[in-house]
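Participant:
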Amino acid sequence: MKVTKIIYFKISSIFWILLIVIFISLHIPILLEHPLIWPDEAFIGDVASNILKFGNPNTEIWGEFMPGSSERLVAYPPFFLYLLAFWFKFLGINIINQRLLSLLISGAFIVIFYFFSKFFIKNEFPILSEVKSTLLAFLGSLLLILDPTFFRSSAISRPEILGLLFV
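Encoded structure:
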């Protein structure tokens, strides 16, 4: 019985590692192609940069279009902005590093989605073997990776992907 659980754990580990490899291999080649840089990414990056430089979440990018943005930006969840500033502190300020944070968060979501799927499938259909529930969780997670909306959202640096992770 204990050997069987170890085998299932190894199979499960191989599947979630395979999911991450597939996810990364699909994104890295097109990291800067689709889209090049969104306006939201520019001002989110600027806000994170200003947090590092001045200790305050502001931006001059919007000018008079968004009154008060030069003093304080409250349009997005501050946790993402401060997390991005922390990320920039260690990796440098550029669009690639900004998008890599989104890919990291998306990768974490895929792993969590995989394990929750496996757990829910096993609880809802206890008659299924461990291998079948693992395979179904893998296929569901693979479909998530291939979903065009998730695919694009995971490569663009916006706070929604962090919200998805927490929800």
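1 is the number of the first residue of the sequence shown in our numbering; add one for each residue after it. No residue lacks a Cβ here, since even glycine has one placed at the ideal position from N, Cα and C. This one's a predicted model, so the numbers in the text were calculated from it and none came from an experiment.
1) Could you have a look at Thr185 and say whether DSSP puts it in helix, strand or coil?
2) Whole angstroms are fine: how far does the CA of Lys122 sit from the CA of Ser133?
3) Hey, would you say Leu136 sits closer than 9 Å to Leu128, going by beta carbons?
4) Between the region 78–85 and the region 46–58, are three or more C-beta pairs nearer than 8 Å?
5) Go ahead and label Ile28 buried or exposed: buried means 16 or more other beta carbons lie within 10 angstroms of its beta carbon, across all protein chains shown.
6) Leaving aside the five residues before and after Val111 along the sequence, list all residues of the same chain whose C-beta is less than 6 Å from its C-beta, in chain order.
7) Once the 5 residues before and after Phe113 are set aside, which same chain residues still bring their CB inside 7 Å of it?
8) Under a three-way DSSP split, which group does Tyr76 fall into?
9) Assign Asp147 to one of three DSSP states: helix, strand, or coil.
10) Using the beta-carbon count (16 or more within 10 Å), is Gly101 buried or exposed?
11) Considering Asn94, what are the terminal residues of the alpha helix (DSSP H) in which it resides?
12) What's the call for Phe150, buried or exposed, on a 16-neighbour Cβ count within 10 Å?
13) Return the first residue and the last residue of the alpha helix (DSSP H) that Glu160 is part of.
14) Just the C-alpha distance for Phe54 and Ser106, rounded to the nearest angstrom, thanks.
15) Do Phe115 and Leu165 have their beta-carbon atoms positioned less than 9 Å apart in this structure?
Facilitator: Well, looking at it:
1) Absent from the model: residue 185. The displayed extent of the chain is 1 to 167, so no value can be given.
2) In the sequence shown, the residue the question calls residue 133 occupies position 133. In the sequence shown, the residue the question calls residue 122 occupies position 122. C-alpha of Ser133 to C-alpha of Lys122: approximately 6 Å in a straight line.
3) Position 136 of the sequence shown, counted from the start, is the residue given in the question as residue 136. Position 128 of the sequence shown, counted from the start, is the residue given in the question as residue 128. Yes.
4) Output reads yes: the region 46–58 touches the region 78–85.
5) Translated into the one-based positions of the sequence shown, residue 28 becomes position 28. Label assigned to Ile28: exposed.
6) Working through the sequence shown from its first residue, we reach residue 111 at position 111. Trp16, listed in sequence order.
7) Along the sequence shown, read from residue 1 onward, the residue named residue 113 stands at position 113. Short of 7 Å from the beta carbon of Phe113, and not among the five residues preceding or following it, lie these beta carbons of its own chain, in chain order: Ser141 and Leu144.
8) The count along the sequence shown starts at 1 and reaches residue 76 at position 76. When DSSP states are grouped into helix, strand and coil, Tyr76 belongs to the coil group.
9) Looking up residue 147 in the sequence shown gives position 147. Three-state result, Asp147: coil.
10) Residue numbering aside, residue 101 sits at position 101 when the sequence shown is read from its first letter. For the record, residue 101 in the displayed sequence is Leu; it is not Gly. Burial call: buried.
11) The residue labelled residue 94 in the question sits at position 94 within the sequence shown. Here Asn94 belongs to no alpha helix (DSSP H), and DSSP marks it neither H nor E.
12) Mapped onto the sequence shown, residue 150 falls at position 150. With 16 or more other Cβ atoms within 10 Å, it is buried.
13) Locating residue 160 in the sequence shown gives position 160, where the first residue counts as 1. Glu160 -> alpha helix (DSSP H) spans Glu160 to Phe166.
14) By one-based count along the sequence shown, residue 54 stands at place 54. By one-based count along the sequence shown, residue 106 stands at place 106. Their Cα atoms are separated by approximately 29 Å.
15) What you label residue 165 is simply residue 165 of the sequence shown in a count that begins at 1. What you label residue 115 is simply residue 115 of the sequence shown in a count that begins at 1. Taking 9 Å as the cut-off, the Cβ atoms of Leu165 and Phe115 do not count as close.
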